[in-house]
Amino acid sequence: MRHIFFAFLFLLLLMSNVVGQELGSWEAYTSLRTINNLTLDNNLNVWAVTNGGVLETTIDGDFSAYTTIDGLSRLDGTVVAYDDTQNQLFIGYVNGVIDVFNLETKEVQRLNDIERSTNFTSKTINDFLIEGRALYVATAFGIVVYNMDDLFVSDSFIQLGDFTRAISVQDLSIANNTLYAGTQEGLAIGDMNQELAVNSNWETYDGDNGFVSEEVISLGYAGNSLYASTAGGNFIFENNTWTKNTDFNQQTIIEYLRLEDATMVALSNRFLYVFDSQSFERISLGDLRARSVTSSQEHILVGTENNGIEVFETQGLEANSLTPSGPYQNFFDGLKFEESILISASTQESAVNQRIDNAKGYYIFDSGEWRNFNRRTNSVINDYGFQQAFTSTITEEYYYFGSWGRGVARHQKETDEVVIFDETNSTLRGYVDDDPLFPVISGLATDSKDDVWIVSRFGDTPLYFQRPGDEDWIPFSQASAVRNSDEYYGLFIDSYDQKWISLQTNTGSGNGLLVLNTGNDSENSSDDASVKLTSSPENGNLPDEKVNAVIEDKNGEIWIGTGRGIARFIFPELIVEGGPNEQRAQWLINEDTTAASRFLLRDIKVSTMAINAANEKWIGTVNQGIWVLNADGSRIIKRFNMDNSPLFSNNIKSISINDGTGEVFISTESGLISYFDIPTRAVSEMNTLKVFPNPFEYSRHSRVVIEGLSDETQIKILGVDGTVVQELTARGGRTNWNGLDYNGNQLGTGVYFVVAYEDEGRENGIGKLVIVR
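Residue 357 in numbering that gives the first Met the number 0 sits at position 358 of the sequence shown, and the numbers go up by one each step.
1) Leaving out five residues before and five after ARG269 in sequence, what residues of the same chain have Cβ atoms less than 6 Å from its Cβ?
2) I need the DSSP call for LEU768, collapsed to helix, strand or coil.
3) LEU462 bridges to which residues according to DSSP?
4) Buried or exposed: where does PHE568 fall if 16 or more other Cβ atoms within 10 Å of its Cβ makes it buried?
5) Where PRO542 and SER653 are concerned, what is the direct C-alpha to C-alpha distance, given to the nearest angstrom?
6) Which same chain residues, not among the five before or five after SER349, have their C-beta less than 7 Å away from its C-beta?
7) Suppose the cutoff is 6 Å on Cβ atoms and the five residues either side in sequence are ignored; what does the same chain contact list for PHE7 look like?
8) Hey, TRP586 and PHE598 are a contact pair by Cβ (cut 8 Å); roughly how many whole angstroms apart?
9) Considering only C-alpha positions, which residue in the set GLY401, ASN223, LEU515, LEU74 is nearest to LYS498?
10) Comparing C-alpha positions only, which one of HIS410, ASP493, TYR179 sits nearest to ASN554?
11) For ARG132, tell me which candidate among ASN248, TYR81, GLY160 has the shortest Cα-Cα distance.
12) Hey, how far is the Cα of TYR208 from the Cα of GLN108?
13) So if DSSP puts GLN277 in a beta bridge, which residue, or which two residues, is it bridged to?
14) In this structure, how does DSSP classify GLU213 when only helix, strand and coil are distinguished?
15) Based on Cα-Cα distance, which residue from ASP446, HIS410, GLY458, GLY442 lies nearest to ASP432?
16) In whole angstroms, what is the alpha-carbon distance linking LYS604 and SER217?
17) What are the start and end residues of each continuous alpha helix (DSSP H) run of 4 or more residues lying completely inside the stretch 105 to 177, in chain order?
18) Among the residues of its own chain, which have a CB less than 6 Å from the CB of SER287, if the five just before and after it don't count?
19) With H, G and I counted as helix, E and B as strand and the rest as coil, what does DSSP make of ARG428?
20) Compute the distance between the beta-carbons of ASP88 and SER295, then report whether it is under 8 Å.
21) Where do the N-terminal and C-terminal ends of the alpha helix (DSSP H) with ASN35 fall, by residue?
22) Can you tell me whether DSSP reads GLU317 as helix, strand or coil?
23) By how many angstroms is the C-alpha of GLY507 removed from the C-alpha of ALA755?
24) Can you check whether the CB of LEU37 is closer than 8 Å to the CB of ILE58?
25) With a Cβ-Cβ cutoff of 8 Å, do LEU532 and GLN465 count as a contact?
26) Does SER391 come out as helix, strand or coil in the three-state DSSP assignment?
27) Can you tell me where the beta strand (DSSP E) holding SER529 begins and where it ends?
28) Can you tell me whether GLN353 is helix, strand or coil according to DSSP?
29) Looking at C-alpha atoms only, which residue of GLN353, THR138, ILE635, LEU266 is the closest neighbour of LEU256?
30) For the putative contact between LEU128 and ILE173, defined by C-beta atoms under 8 Å, what is the C-beta separation to the nearest angstrom?
31) Going by DSSP, name the residue or residues bridged to GLN503.
32) Since SER378 is in the alpha helix (DSSP H), which residue starts that stretch and which ends it?
33) So, using beta-carbon positions, are GLY659 and GLU338 closer together than 8 Å?
34) Report the residue from GLU114, LEU443, PHE156, THR66 whose alpha carbon sits nearest the alpha carbon of PHE100.
35) Out of ILE636, ASN622, ARG601, GLY619, which one is the CA nearest neighbour of ALA613?
36) Looking at the structure shown, is SER596 part of a helix, part of a strand, or coil, going by DSSP?
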């Protein structure tokens, strides 16, 4: 009998289901195109710090990426340096943290000495310089030196000669046992044979002694000459004399790289300069903008602002691009799913940099491939100047994206044809008190007839709609329920085709919520009805009048997220025509009667919300991370923030869930990340259930996952003799079980049956599970 059992166990092991992505795991979807700094390791692999994490690539373009999921402190490293003796990277960040990344083990050690300093407000790491077994760190308040053998701070130089104490140091160079420091006020030179912690051992150069009193951007040393660059020009220091350098045609050099003792490479934003025996050869970067440079004997590599890495051969200087696939930038908002396709807008915010803002379009993520649509990649978008998209919706035939001041983009799914609607070719208009020719599309939603509705922020005609395929928009005036001071902002359409419109004042403060029923004929306003809801207990009972998110759950309830908590309307169909009782929002009641507040999450500032297949609520917040609530909002199921998860930021912009896989996509202010959750979309008909891991071993596993369920099911776990050892209730297509019986005890080794029943009690699905104790 024992041999039969283990033969059966082996058979089940061979037949067990393999899960593509571990439940409860995280995945990063970041842009690696913006290179902040780069270096080479001993194997000539390129390592770059980007706005989306650390990028590793070979010259042939074999890419790997590392993020907070892999243990990094942040995504947006400012500088990187390679230590060839220990085969490790030093990665610096804007908050003063230094990550030490072991290239063999991929383990990360965090150095927090600079971050923990309480004497300085800004702690940005601006540059690294390795000399011997010392790591010199240029910071926003001076120079810090680490002993690389024990990674302890061995020295710090806060006062550099006559310069202001705790001055920001931008760049470092060492030659002939002399330390050169480029600062905000000029150049500081320290003799390394003396004690540099003593400020009198530093010699300073500014406008009073032949140099300039400007921020030194970059330094380089070649031959017996020191090269220094400021925003005002490039200079050479030879024989204690400063002269203006005319080699670079008035281009400001952002980085110098010494190739050999007397030769170097210089990089401006637009040109690469390579020293050729007696002069610098200039190589144009075209429309690219450079940010960093490194070199091997055979290649010069330039990190760019938006296009990854340009690789130049030192012989012939022919170039090719190493551009990692993925989203174009790390801005995501307005996430929406249709089946397995994710669409996302970027951001309404401007970088006050046209080159960066030009790339703020939208993305389509399908079957693992990102497609980027922006002014750099699409001629129609570029012709209309469409950028800073931040809202979205989906119809049967189109994707729509709303922008900050540039109207609406309509994207045809099958052909990728893009049509832009703005003030030049449509009825759309913007905020009269600002600029009516600058339509900000702050609300965007689709109704049950596949009509698309938009809110033009603060406009005199703030609401528009478009029927499928129309070439213009039909405007709506403000509803009768609102006052002149009530400005339309956000938009959500429920299953009754009611429009839930968040209201603001002209200064952006919350002003309540409008619920508008436009009747059966959208163009006929005679049957329109509306009601305005506020924080007054007699007129809405909103937790706060700043409404930031509205969703409808699987029970047909409307949930609202505000600047101070969450509430729900249980019978939304009665809102407009009902009285105060029907229009009164229900705050979330905490099932924990010992909690400090009877209201769950009363004081959080909600930014976004989403519903998963089990009707659980994902709540994103401003600077507080994420809460996941049970279906009725009485209990916290999960809590995610930067302290207990790889979240890139606690400031959550948007959440959308792929019910087919359970993957939850989370847009933060620093990038896009996903979490693989348990619930998935229910199946239409249950048959054989997927049960895994199979076999389940208590010593290795913490839960059993059961897939292939209908929307609401009762599950029984039975022994081979038919004894019921545990019962579960599930909603959605997938659930999990901790492997314990009714009494919380582990079960004995053996075969168990998992039987699922629908509500009426009829057996519909069955699976088998081997448990090894």
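All C-beta atoms in this analysis are idealised placements derived from N, C-alpha and C, irrespective of residue type, glycine included. These numbers were taken from a predicted model, which means no experiment stands behind them.
Straight from the coordinates:
1) Here the question's residue 269 lines up with position 270 in the sequence shown. So the qualifying residues of the chain are LEU284.
2) Taking the sequence shown and counting its residues from 1, the one referred to as residue 768 is at position 769. In the structure shown, LEU768 sits in a strand (DSSP, three-state: E or B).
3) The residue you call residue 462 lines up with position 463 of the sequence shown. Bridge partners of LEU462: VAL454, PHE475.
4) On the sequence shown, residue 568 is found 569 positions in, with the first residue counted as 1. PHE568 is buried by the Cβ-count criterion.
5) Working through the sequence shown from its first residue, we reach residue 542 at position 543. Working through the sequence shown from its first residue, we reach residue 653 at position 654. The alpha-carbon atoms of PRO542 and SER653 are separated by roughly 21 Å.
6) Along the sequence shown, read from residue 1 onward, the residue named residue 349 stands at position 350. Taken in chain order, the residues that qualify are ASP356, GLN387.
7) For this step, residue 7 is matched to residue 8 along the sequence shown. At PHE7 the pLDDT is 40, less than 50, meaning the model places this residue with poor confidence and gives no usable figure here.
8) The count along the sequence shown starts at 1 and reaches residue 586 at position 587. The count along the sequence shown starts at 1 and reaches residue 598 at position 599. About 5 Å; that satisfies the 8 Å criterion.
9) Here residue 498 refers to the residue found at position 499 of the sequence shown. Checking every option, the nearest Cα to that of LYS498 belongs to LEU515.
10) Along the sequence shown, read from residue 1 onward, the residue named residue 554 stands at position 555. Of the candidates HIS410, ASP493, TYR179, the one whose C-alpha sits nearest the C-alpha of ASN554 is ASP493.
11) Here the question's residue 132 lines up with position 133 in the sequence shown. When only C-alpha atoms are compared, the closest one is TYR81.
12) Position 209 of the sequence shown holds residue 208. Position 109 of the sequence shown holds residue 108. With the sequence shown as reference, residue 208 is identified as Asn, and Tyr is not the correct amino acid for it. Going from the Cα of ASN208 to the Cα of GLN108 covers about 43 Å.
13) Position 278 of the sequence shown, counting from 1, holds the residue named residue 277. None; GLN277 has no bridge partner.
14) Locating residue 213 in the sequence shown gives position 214, where the first residue counts as 1. Note: GLU213 maps to coil in three-state DSSP.
15) Counting from 1 along the sequence shown, the entry for residue 432 is found at position 433. Comparing Cα positions, the closest option is GLY458.
16) Here residue 604 corresponds to residue number 605 of the sequence shown, with the count starting at 1. Here residue 217 corresponds to residue number 218 of the sequence shown, with the count starting at 1. Distance between the alpha carbons of LYS604 and SER217: 43 Å.
17) 112 to 115
18) Taking the sequence shown and counting its residues from 1, the one referred to as residue 287 is at position 288. For clarity, residue 287 is Leu in the given sequence; the question names Ser instead. Closer than 6 Å at the Cβ level, and outside the excluded window around LEU287, lie THR303, ASN306.
19) Within the sequence shown, the letter at position 429 stands for residue 428. Coil at ARG428, not helix or strand.
20) Counted from its first residue, the sequence shown places residue 88 at position 89. Counted from its first residue, the sequence shown places residue 295 at position 296. Strictly speaking, residue 88 in this sequence is Leu, with Asp absent from that position. No. Outside cutoff.
21) In the sequence shown, residue 35 corresponds to position 36, counting from 1. That residue, ASN35, is in no alpha helix (DSSP H); its beta strand (DSSP E) goes 34 to 39.
22) As a working mapping, residue 317 is identified with position 318 in the sequence shown. Note: GLU317 maps to coil in three-state DSSP.
23) In the sequence shown, residue 755 corresponds to position 756, counting from 1. In the sequence shown, residue 507 corresponds to position 508, counting from 1. So the two alpha carbons sit approximately 51 Å from each other.
24) By one-based count along the sequence shown, residue 58 stands at place 59. By one-based count along the sequence shown, residue 37 stands at place 38. No. Outside cutoff.
25) Position 533 of the sequence shown, counting from 1, holds the residue named residue 532. Position 466 of the sequence shown, counting from 1, holds the residue named residue 465. Cβ atoms of LEU532 and GLN465: not closer than 8 Å.
26) Translated into positions along the sequence shown, residue 391 becomes position 392. Strand.
27) Against the sequence shown, residue 529 aligns to sequence position 530. First-last of the beta strand (DSSP E) with SER529: 528 to 532.
28) Position 354 of the sequence shown, counting from 1, holds the residue named residue 353. DSSP places GLN353 in helix when its eight states are reduced to three.
29) The residue labelled residue 256 in the question sits at position 257 within the sequence shown. Nearest C-alpha to LEU256: LEU266.
30) What you label residue 128 is simply residue 129 of the sequence shown in a count that begins at 1. What you label residue 173 is simply residue 174 of the sequence shown in a count that begins at 1. Confirmed, about 6 Å.
31) As a first step, residue 503 must be located in the sequence shown, where it is residue number 504. Looking at the DSSP assignment, GLN503 forms a beta bridge with GLU486, GLY509.
32) For the purposes of this step, residue 378 is identified with residue 379 of the sequence shown, where counting begins at 1. Where SER378 is concerned, the enclosing alpha helix (DSSP H) stretches over 378 to 382.
33) Here residue 659 is taken as the residue at index 660 of the sequence shown, counted from 1. Here residue 338 is taken as the residue at index 339 of the sequence shown, counted from 1. For GLY659 and GLU338, yes; Cβs fall inside 8 Å.
34) Position 101 of the sequence shown, counted from the start, is the residue given in the question as residue 100. Of the candidates GLU114, LEU443, PHE156, THR66, the one whose C-alpha sits nearest the C-alpha of PHE100 is THR66.
35) Walking along the sequence shown from the start, residue 613 turns up at place 614. With distances taken between Cα atoms, ALA613 lies closest to ILE636.
36) The residue given as residue 596 occupies position 597 in the sequence shown. DSSP places SER596 in coil when its eight states are reduced to three.
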